[in-house]
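Undergrad: Quick note: the sequence shown, position 46, residue 132 per our numbering, numbers continuous.
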Amino acid sequence: MIQIMNLDFLERRIDVKNIKTYILLISIMALWGLNVSIIKILVSYFPPVSITSLRILTAGITVFLILSIMGKVRKPSRKEISYIVFGGLLSVVSHHLFLAIGLTGTSAVNGGLILGAGPLLTAILSSILLRNKPTGIQVLGFLLGGAGVTFIVLSGNKGVSSLTPGDFFVFLSILSQALSFIVISKASKTLDPRLLTGYMLIFGGVILFVMASIMEPGGLKGITEAPAYVWAAFAASAVLATAIGHMVYNTAIRNIGPAEASIFLNLNTFFSLAGSAFILGEVITINHMLGLVLIVGGVISGSGALEELVFRKRRKENSQYM
87 MIQIMNLDFL
97 ERRIDVKNIK
107 TYILLISIMA
117 LWGLNVSIIK
127 ILVSYFPPVS
137 ITSLRILTAG
147 ITVFLILSIM
157 GKVRKPSRKE
167 ISYIVFGGLL
177 SVVSHHLFLA
187 IGLTGTSAVN
197 GGLILGAGPL
207 LTAILSSILL
217 RNKPTGIQVL
227 GFLLGGAGVT
237 FIVLSGNKGV
247 SSLTPGDFFV
257 FLSILSQALS
267 FIVISKASKT
277 LDPRLLTGYM
287 LIFGGVILFV
297 MASIMEPGGL
307 KGITEAPAYV
317 WAAFAASAVL
327 ATAIGHMVYN
337 TAIRNIGPAE
347 ASIFLNLNTF
357 FSLAGSAFIL
367 GEVITINHML
377 GLVLIVGGVI
387 SGSGALEELV
397 FRKRRKENSQ
407 YM
């Protein structure tokens, strides 16, 4: 009886921790969805790579300011530095650079569909590299989420176009991101994922800044001439979406795993549409809402939340018989 009570107590602790993680992830997905519209505003005033590098550097500085107040800053070990370098190159430099190049050479529909495959790709890599095999319910969740993204993307006016070199770069973008989730999962065993986030943002931001000075010479010239609302948008994007958002998401990777956390990325598609409607005045249709239903079903199944509910129900039934 004592053993059963201890298991019930442990189960409740695990459930509460996971539920908090799920709620935080949904909130971050809403932030990231709105951030898409904010970035559209920023790139209308500044060259994309230049403003991205400045935004990421600002986010990195913000992370270190927060962690300094919390007393969480420390020097990384040599092994941790290798994780920071690889994580920064994959998550910050490669992901943003390939995505920027890819989206300029492909249709919005193709780009959205390829990006929607990110969670499934993360699950495959996690299974191969981390030996974390997803359950049948989780696989169903990944497929439902992908179907929801497809439903939303294809509800637009333009259909799928033929494959282009831009599609390949978009795929490289999500491949870099998926691999970075694996690196973050390994690094967070010894390094606080929030501190890891700060190091990766600073390292990646510096690399992007150097690249921007080559690709977009004088890109930040006349930067002070932007109106106040653009700088407000920049601050919201850098501090809330990029700094705090990545701190929370990378912590979630440690808590529930890279594959389970990545399934929440499917919510980005809907929240970006909601942000476009709220900020840019675009229209949300019934097809978008139906796609959201599929995505939510995918998140509940793929994140492991459904399995937790089933497990809790079985535990209660078994305890009644004992």
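A virtual CB, placed ideally from N, CA and C, is assigned to each residue, including glycine.
Is the beta carbon of Gly331 closer than 8 Å to that of Ile112?
TA: no
Undergrad: In whole angstroms, what separates the C-alpha of Phe414 from that of Gly284?
TA: Because residue 414 is not part of the residues shown, which for the chain are 87 to 408, the question remains open.
Undergrad: Apply the 10 Å Cβ neighbour rule to Tyr169 and answer buried if 16 or more other Cβ atoms are within range, or exposed otherwise.
TA: buried
Undergrad: Using the C-alpha atoms, what's the distance from Asn373 back to Leu153?
TA: 42 Å
Undergrad: Identify, in the order they occur along the chain, each residue of the same chain with its Cβ nearer than 6 Å to the Cβ of Asn354, setting aside the five sequence neighbours on each side.
TA: Met115, Trp118, Gly119
Undergrad: Quick check on this structure: which residue in Ser130, Tyr108, Tyr131, Ile142 has the alpha carbon closest to the alpha carbon of Phe295?
TA: Checking every option, the nearest Cα to that of Phe295 belongs to Ile142.
Undergrad: For Phe350, which of Phe172, His181, Leu206, Met333 has the nearest alpha-carbon?
TA: Leu206
Undergrad: Kindly give me the distance between the Cβ atoms of Ile124 and Ala322, rounded to whole angstroms, as I take these residues to be in contact under 8 Å.
TA: 6 Å
Undergrad: Hey, how far is the Cα of Met156 from the Cα of Thr276?
TA: Rounded to the nearest angstrom, the gap between the Cα atoms of Met156 and Thr276 is 18 Å.
Undergrad: If you check the beta carbons only, do Pro220 and Ala233 fall under 8 Å apart?
TA: no
Undergrad: Hey, is the segment 129-137 in contact with the segment 325-345, meaning 3+ C-beta pairs nearer than 8 Å?
TA: No, they do not touch.
Undergrad: Among the residues of its own chain, which have a CB less than 6 Å from the CB of Leu176, if the five just before and after it don't count?
TA: Ser262, Leu265, Ser266
Undergrad: Please state if the CB of Gly384 and the CB of Gly231 are separated by a distance shorter than 8 Å.
TA: Yes, the Cβ-Cβ distance between Gly231 and Gly384 is below 8 Å.
Undergrad: Ends of the alpha helix (DSSP H) at Ala345?
TA: 344-348
Undergrad: Can you tell me whether Thr144 is buried or exposed? The criterion is at least 16 other CB atoms within 10 Å of its CB, across all chains shown.
TA: buried
Undergrad: Is it true that the CB of Val178 sits closer than 8 Å to the CB of Met286?
TA: yes
Undergrad: Between Ser259 and Gly188, is the Cβ-Cβ spacing less than 8 Å?
TA: yes
Undergrad: Where Val149 and Phe289 are concerned, what is the direct C-alpha to C-alpha distance, given to the nearest angstrom?
TA: Approximately 13 Å, taken between the alpha carbons.
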